[in-house]
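The listed protein sequences correspond, in order, to chains A and L. Using the working numbering, read the first sequence as starting at 18 and increasing by one per residue. Using the working numbering, read the second sequence as starting at 41 and increasing by one per residue. We treat Cβ as the ideally placed atom computed from N, Cα and C, and that holds for glycine. The structure appears below as structure tokens.
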Amino acid sequence: MALTGIQIYKLLPKTNCKECGFPTCLAFAMKLAAKQVELSACPYVTPEAKTQLAESAAPPIRLVAIKSDGYEAKAGNEVVLFRHEKTFYNKPGIFIRVYDNQPVETIRATVAEANAYAVNYVGIDLTVDGFAVASASGDPIAFTAAIQTVRAASKRPIILMSRDINVVKAGLNVLKDETPLVYGADIKNWEGFADLAKESKVSLGLIAGTLAEMAELTDKIKSKGVDDLVIDPGGRDLGAGLAIGTTVRRLAVKKNFHALGFPVITFPGDVSDPGMEAVQAAQAITKYAGFIVLDHFNPATIYPLLVLRQNIYTDPQKPIQVQPGIYEINAPKPESPVLVTTNFSITYFSVANEVEGSGLPAWLLVTDAEGMSVLTAWAAGKFDAERIAKAVKAFNIADKVSRKRIVLPGHVAVLSGELESELPDWEIRVGPREAVDLPAFMKQAL
Amino acid sequence: MPIEIPKDNWPGTVRTVTIGATVVDGGTRATTVTVGGQKNLPFLHFENKAPNHPVVAIEIKDHRPDDWSPLLLEAWGEVVDDPVNWAKAAEAAGADLIQLSICLTDREGNPTNPEAAVMTVKDVLAATGLPLIVFGPGQAEADNNLLVAIAEATKGERLVLGIAEDKNYRTIIATAMANGHLVNARSPMDVNLAKQLNILISDMGMPLDRVLMDPTTGALGYGIEYGYSAMERLRQAALQGDAMTQLPMLVTPGYEAWKTKEAKVEAGVPAAWGDWLERSINWETLTAMTLIEAGADIVVLRHAESVRRIKLAIADLMAATYTLA
């Protein structure tokens, strides 16, 4: 929460010297509150005042980035509890964990596969963000070997997991020129870890058993000048995880409680049932996690989780749309059928993918339905006979086809009569309701 | 220094709805299911312990469906040919209630007639002691004919009849009112349309503690976030005191997830999609879990493994074994 003009004024020199360009310190304070001027315009503000003013302008949740050569996974800068209040901004990073007591070949194969993994969803390629390397052995040499195996197979960002500072230092030695996340520091070992983080500029993951303990820990570490923190306040089962995640987010956005204003790291992989790992990860995605560490890499699980992350973090104000127009699928000829649908991305890709996959050629006419699906657009009056006819004319589809035949989506069968009136020299057909039934329909009915 | 844990204090309460009736109350169910009653957002027991937990329904059909994913038919096996056996198998798989969806046509391809539908419902009621939801085929005329007959023949059982929607609700509401049943009121992922339908239903004289709100949701990847946000907004409106949104919510992740290409198609899909069965179960489970976080009180599923995972998740969320400090 930003300070008010009066609160800012109390921190200024109150000399009315006018060097900032304003007649009084109060006037300057008001401009600062409105973010219309920079604090640096005042030559006399004290360092203490500068810190306090910076604090209040800081986002409720620190933005922390885990970086490597060419990659970055960042979390934080969230401002709401519910996506419909505005949006969620920074998708939680999804990391796959390997252990340094696993065989080298196992580590290499897992990382290579996960690193190369990409799945297309509505025209976007979704990938995992990086890898966590856990010291199960306690041996610095095994740890560095595991890290090197990971690095040889992937350039993606890394989370180093050990409570032993010597193990961590050994690990950092083989990761030059990048800023991994070091997990981590706790109430016993924090001093050494804070010094290490300050020196090497890594971000620091913290572990604490209660929220009060965590707040104390972040305060201690921040007083050493380390600000890029990620917190693990516990809560490995769903109930506790939800309560803790919700409380941390509430404290940050409703109370501006900076001591817990950091991205949360969660470990769905800590449950042994791989089926439940996905369920845990789903809660983490919907309920406020900043980084999510999984113990299993399985396309059948990663694909739905990546899609869920994409869905929840979509800006509700901006439905993803494609450009209206004619899309040619499988090199259509003049005798190929015309299918019509709306420009909501999911709708477009559902239809286009089905037809493409079938190998059957078609002209796909996509109307401007303001990014709404067929049913929603129809209910909202944005997809009706008039608009379809308008699109048919505007995009000159009649010039491309020898047979004037257009297929309506099954859900708007009711429009066929009206569309006949709007397009009297066109044959109006009604297709299936679901895109998945299009290939069969096209083979049998067209 | 102790932290002050923020606790929401809401003025409103979600209505409590009971499905099914035991012998004592004029029905034949062995158990009833009660949902709703929350005074705060889902599972935040440190503020207010929810009096009821979300429940899982398993969907069965009155005969072998011809449009379900082959994986489901394989998972259930022979029982899909007989709703009586299917209902028993669903109960054994851990369902809290059964949803019986009546097909538009019978095994021979003729329109399902009311007498046959009534027989099926009665057979299922005899086969299982669980509370029952009955959905019509989803076409207004068929729904009305079938559901009226079913409602009259099962007076007192407190079934949930579905679906009532703004294009067709009067007949279903009237028969539910006359025969002591409940209804599932479905609106298209829109807070205002949901309220509007509830108002229309209430104006007919239907007591709102016999109405479930079905906000419709897309599956994961197919619009889930619209339904999810509509549900979060509806639940918050209810807790803020809006009487026309204070209804428990029913969602159908089984129907939504299993009609996706991810669940129906094995061959010719990207390798990145992974194993067909595991991804299909994840599709259903993650859709369901997401909606449970948004306040779903009844989730209707189709695969027994999804039921297992979701029931574990619900038990965990309801356990309240932690302290926040």
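Could you check how far apart the C-beta atoms of serine 152 of chain A and methionine 178 of chain A are, in whole angstroms? I think they sit under 8 Å.
For the purposes of this step, residue 152 of chain A is taken as residue 135 along the first sequence, with counting starting at 1. For the purposes of this step, residue 178 of chain A is taken as residue 161 along the first sequence, with counting starting at 1. Their Cβ separation, rounded to whole angstroms, is 6 Å, which keeps serine 152 of chain A and methionine 178 of chain A in contact under 8 Å.
Pull up the DSSP beta-bridge partners for serine 220 of chain A, would you.
Start at 1 with the first residue of the first sequence, and residue 220 of chain A comes out as number 203. Answer is A/Leu198.
Strictly under 9 Å for the Cβ-Cβ distance: is serine 350 of chain L near chain A by that measure?
Within the second sequence, numbered from 1, the residue matching residue 350 of chain L stands at position 310. Inspection of the sequence shows that residue 350 of chain L is occupied by isoleucine rather than by serine. Under the 9 Å criterion on CB atoms, isoleucine 350 of chain L is classed as interfacial with respect to chain A.
Using the three-state DSSP reduction, which class does threonine 104 of chain A fall into: helix, strand or coil?
Numbered from 1 along the first sequence, position 87 holds the residue referred to as residue 104 of chain A. Coil at threonine 104 of chain A, not helix or strand.
Does DSSP classify tryptophan 551 of chain A as helix, strand or coil?
As displayed, chain A neither begins before 18 nor continues past 463, which places residue 551 of chain A out of reach and without an answer.
Once DSSP output is grouped into helix, strand and coil, what is the label at threonine 145 of chain L?
As a first step, residue 145 of chain L is located in the second sequence; it is residue number 105 there, counting from the start. Three-state DSSP puts threonine 145 of chain L in a strand.
When DSSP builds the beta bridges, which residues end up paired with glutamine 338 of chain A?
Residue 338 of chain A sits at position 321 when you count from the first residue of the first sequence. A/Phe361.
Can you tell me whether glutamate 216 of chain A is buried or exposed, with buried defined as 16 or more other CB within 10 angstroms of its CB?
For the purposes of this step, residue 216 of chain A is taken as the residue at position 199 of the first sequence. Classification of glutamate 216 of chain A: exposed, given that the 10 Å Cβ count is below 16.
Label glutamine 420 of chain A either buried or exposed according to how many other C-beta atoms from any shown protein chain fall within 10 Å of its C-beta, with 16 as the threshold for buried.
Mapped onto the first sequence, residue 420 of chain A falls at position 403. The residue you asked about is not glutamine; residue 420 of chain A is arginine in the sequence shown. Under this definition arginine 420 of chain A is an exposed residue.
Return the first residue and the last residue of the beta strand (DSSP E) that phenylalanine 112 of chain A is part of.
Taking the first residue of the first sequence as 1, we reach residue 112 of chain A at position 95. Residues 110-116.
Can you check which of these residues, L/Lys299, L/Thr330, L/Val347, is closest to asparagine 328 of chain A by C-alpha distance?
Within the first sequence, the letter at position 311 stands for residue 328 of chain A. Closest by alpha carbon: L/Thr330.
Okay, do the stretch 43-62 of chain L and the stretch 302-312 of chain L touch, 3+ Cβ pairs below 8 Å being the bar?
no
Contacts of alanine 360 of chain L in chain A (Cβ-Cβ under 8 Å)
Within the second sequence, numbered from 1, the residue matching residue 360 of chain L stands at position 320. Within 8 Å Cβ-Cβ: Gly256.
If you measure from the beta carbon of arginine 100 of chain A to each beta carbon in chain L, is any gap under 9 Å?
By one-based count along the first sequence, residue 100 of chain A stands at place 83. Yes, arginine 100 of chain A lies at the interface with chain L (some Cβ there is under 9 Å from its Cβ).
Name the chain A residues whose beta carbon is nearer than 8 Å to that of proline 228 of chain L?
Your numbering for residue 228 of chain L matches position 188 in the second sequence. Going along chain A in sequence order, the residues near proline 228 of chain L (Cβ under 8 Å) are Leu392, Thr393, Ala396.
Inter-residue Cα distance where the pair is valine 219 of chain A and alanine 82 of chain A
Locating residue 219 of chain A in the first sequence gives position 202, counting from the first residue. Locating residue 82 of chain A in the first sequence gives position 65, counting from the first residue. Between valine 219 of chain A and alanine 82 of chain A, the C-alpha separation is close to 10 Å.
Given a limit of 7 Å on CB to CB distance, which residues of the stretch 320-335 of chain L reach chain A?
Asn322, Trp323, Thr325, Leu326, Met329, Thr330, Glu333
Residue-chain proximity (glutamate 233 of chain A, chain L), Cβ-Cβ < 9 Å:
The residue labelled residue 233 of chain A in the question sits at position 216 within the first sequence. Interface criterion met: the Cβ of glutamate 233 of chain A is under 9 Å from a Cβ in chain L.
So, using beta-carbon positions, are leucine 377 of chain A and valine 270 of chain A closer together than 9 Å?
If you number the first sequence from 1, residue 377 of chain A lands on position 360. If you number the first sequence from 1, residue 270 of chain A lands on position 253. Their beta carbons are not under 9 Å apart, which means leucine 377 of chain A does not touch valine 270 of chain A by this criterion.
Any idea what DSSP makes of glutamate 371 of chain A, helix, strand or coil?
Translated into positions along the first sequence, residue 371 of chain A becomes position 354. The answer is helix: DSSP assigns glutamate 371 of chain A an H, G or I state.
For valine 265 of chain A, the nearest candidate out of A/Leu70, A/Glu95, A/Arg168 (CA to CA):
Looking up residue 265 of chain A in the first sequence gives position 248. Here the closest residue by C-alpha is A/Glu95.
Does the beta-carbon distance from isoleucine 224 of chain A to aspartate 203 of chain A come in below 9 Å?
Working through the first sequence from its first residue, we reach residue 224 of chain A at position 207. Working through the first sequence from its first residue, we reach residue 203 of chain A at position 186. Contact: yes.
Excluding five sequence neighbours on each side, which residues of the same chain lie with their C-beta closer than 8 Å to the C-beta of lysine 162 of chain L?
Position 122 of the second sequence, counting from 1, holds the residue named residue 162 of chain L. Leaving aside the five residues that flank lysine 162 of chain L on each side, the residues in its chain whose CB is nearer than 8 Å to its CB run, in chain order, Ala193, Thr194.
Going by DSSP in three states, leucine 290 of chain L sits in which element: helix, strand or coil?
Taking the first residue of the second sequence as position 1, residue 290 of chain L is located at position 250. Three-state result, leucine 290 of chain L: strand.
Using 8 Å as the Cβ pair cut-off and three pairs as the minimum, do the stretch 72-88 of chain A and the stretch 270-288 of chain A touch?
yes
Cutoff 8 Å; reference isoleucine 350 of chain L; Cβ partners in own chain excluding five residues on either side
Translated into the one-based positions of the second sequence, residue 350 of chain L becomes position 310. Cβ neighbours of isoleucine 350 of chain L beyond the five flanking positions: Val96, Thr325, Ala328, Met329, Ile332, Val339, Leu341.
List the whole-angstrom C-beta distance separating threonine 21 of chain A from asparagine 33 of chain A, where the pair is believed to meet the contact cut-off of C-beta under 8 Å.
Numbered from its first residue, the first sequence carries residue 21 of chain A at position 4. Numbered from its first residue, the first sequence carries residue 33 of chain A at position 16. Their Cβ separation, rounded to whole angstroms, is 19 Å, which puts threonine 21 of chain A and asparagine 33 of chain A out of contact at 8 Å.
Which residue's Cα is closest to the Cα of aspartate 254 of chain L: L/Leu240, L/Leu237, L/Met289?
Working through the second sequence from its first residue, we reach residue 254 of chain L at position 214. Of the candidates L/Leu240, L/Leu237, L/Met289, the one whose C-alpha sits nearest the C-alpha of aspartate 254 of chain L is L/Met289.
Could you tell me how far apart the beta carbons of leucine 43 of chain A and leucine 49 of chain A are, in whole angstroms, since I believe they sit closer than 8 Å?
Mapped onto the first sequence, residue 43 of chain A falls at position 26. Mapped onto the first sequence, residue 49 of chain A falls at position 32. In fact, because the Cβ distance is near 11 Å, the residues do not count as touching under 8 Å.
Starting from the beta carbon of serine 269 of chain L, find every residue of chain A whose beta carbon is closer than 7 Å, and list them in chain order.
As a working mapping, residue 269 of chain L is identified with position 229 in the second sequence. Near serine 269 of chain L (Cβ distances below 7 Å), the residues of chain A are Arg100, His101, Pro333.
Unbroken alpha helix (DSSP H) run spanning threonine 21 of chain A, endpoints
As a first step, residue 21 of chain A must be located in the first sequence, where it is residue number 4. Here threonine 21 of chain A belongs to no alpha helix (DSSP H), and DSSP marks it neither H nor E.
Applying the criterion that 16 or more other CB atoms from any shown protein chain within 10 Å of the CB defines a buried residue, is glutamine 297 of chain A buried or exposed?
Stepping through the first sequence from its first residue, residue 297 of chain A is reached at position 280. It counts as buried.
Quick one, which of L/Met159, L/Thr257, L/Pro171 has its alpha-carbon nearest valine 73 of chain L's?
Taking the second sequence and counting its residues from 1, one reaches residue 73 of chain L at position 33. Nearest option by C-alpha distance: L/Pro171.
Top-ranked residue by Cα proximity to leucine 381 of chain A, from A/Gln24, A/Thr358, A/Ala299, A/Met389:
Walking along the first sequence from the start, residue 381 of chain A turns up at place 364. Between leucine 381 of chain A and the set A/Gln24, A/Thr358, A/Ala299, A/Met389, the nearest pair of CA atoms involves A/Thr358.
Just the C-alpha distance for lysine 299 of chain L and asparagine 370 of chain A, rounded to the nearest angstrom, thanks.
The residue given as residue 299 of chain L occupies position 259 in the second sequence. The residue given as residue 370 of chain A occupies position 353 in the first sequence. In this structure, the straight-line span from the alpha carbon of lysine 299 of chain L to that of asparagine 370 of chain A is close to 15 Å.
Within the continuous beta strand (DSSP E) that includes glycine 147 of chain A, where are the two ends?
The residue labelled residue 147 of chain A in the question sits at position 130 within the first sequence. It spans 147-151 - the beta strand (DSSP E) in which glycine 147 of chain A sits, taken as one unbroken run.
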